[in-house]
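Residue numbers (the working numbering): 38 to 288.
The C-beta atom is built at its ideal place from N, Cα and C for all residues, glycine as well.
As structure tokens, then:
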């Protein structure tokens, strides 16, 4: 090996070791509906900063209980704006760190082509045995589904056919596996390339439920974490927003 290379080798190794030492892992709780886009954003974030976002997906209500009981999350991406605000008020999140990273859309979806019509009339016809939703007390998309059924005057008629998943991820699983013929899920779960990628769907008009504003918040245990603050800032970048839009959200 040339002497000039040998001379610089220790400095190069030291620089690489320093960069590795500076890289951090951030524990992130993510609402289940945001699974696909957050996996892509986390991969980009690691490439661009060196920090690794370790993602856990689940129901917003369940995460609230875990965080309140000391779960070691540092950043929380909820499926609503109320839960992060409550954590701020209770001192479990950093005041002023909360912002809306995405506004979600509710969709009535079936894995079967042609079952769900473009106006959602299938709900009134009732030509199905089971309809899946996420648990409304745990998952904001489940609450939006209940609100939609109530506004349509169909809650009582559909109640006997409802099957509930703990999260929107479970509700999607019920429908995709055929355990329920259709269900209310997040548009992002079936949206790709600017269109519904399979089955049949009705995108629920926003007038039928409250806006699904999804807030991110920096949790109290990460108040001094530069890496966690960087992730929060990264969610606001044009690069992250492009991913968010690609899955049918409004960033």
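(request) Counting only the same chain and skipping the five closest in sequence on each side, list residues whose C-beta sits under 8 Å from that of residue 218. (result) Looking up residue 218 in the chain shown gives position 181. 147, 149, 152, 165, 166, 167, 168, 212.
(message) Just list the residues that DSSP pairs residue 228 with in beta bridges.
(response) Taking the first residue of the chain shown as 1, we reach residue 228 at position 191. Answer by DSSP bridge pairing, in chain order: 233.
(request) Give me the Cβ distance between residue 259 and residue 111, rounded to the nearest whole Å; I'm assuming they're in contact under 8 Å. (result) Mapped onto the chain shown, residue 259 falls at position 222. Mapped onto the chain shown, residue 111 falls at position 74. Their Cβ separation, rounded to whole angstroms, is 4 Å, which keeps residue 259 and residue 111 in contact under 8 Å.
(message) Less than 7 Å between the C-beta atoms of residue 265 and residue 104, yes or no?
(response) Translated into positions along the chain shown, residue 265 becomes position 228. Translated into positions along the chain shown, residue 104 becomes position 67. Inclusion of residue 265 and residue 104 in the CB contact set at 7 Å is not warranted, their separation being larger than that value.
(request) Starting from residue 275, follow the alpha helix (DSSP H) in both directions and report where the run begins and ends. (result) The count along the chain shown starts at 1 and reaches residue 275 at position 238. Start and end: 275-283.
(message) Just to confirm before moving on: does the CB-CB distance between residue 281 and residue 139 stay below 7 Å?
(response) One-based indexing of the chain shown puts residue 281 at position 244. One-based indexing of the chain shown puts residue 139 at position 102. Going by C-beta atoms, residue 281 is nearer than 7 Å to residue 139.
(message) Out of 116, 246, 175, which one is the CA nearest neighbour of residue 99?
(response) By 1-based counting over the chain shown, the position of residue 99 is 62. Nearest C-alpha to residue 99: 175.
(message) Assess contact between the stretch 124-131 and the stretch 152-162, defined as three or more Cβ pairs (one per stretch) separated by less than 8 Å. Is contact present?
(response) Contact between the stretch 124-131 and the stretch 152-162 is absent: fewer than three C-beta pairs spanning the two stretches fall below 8 Å.
(request) Reducing DSSP to helix, strand and coil, say where residue 138 ends up. (result) As a working note, residue 138 is residue 101 in the chain shown. Strand, per DSSP.
(message) Could you give the first and the last residue of the continuous beta strand (DSSP E) run that contains residue 152?
(response) Here residue 152 corresponds to residue number 115 of the chain shown, with the count starting at 1. Bounds of any beta strand (DSSP E) do not take in residue 152, whose DSSP letter is neither H nor E.
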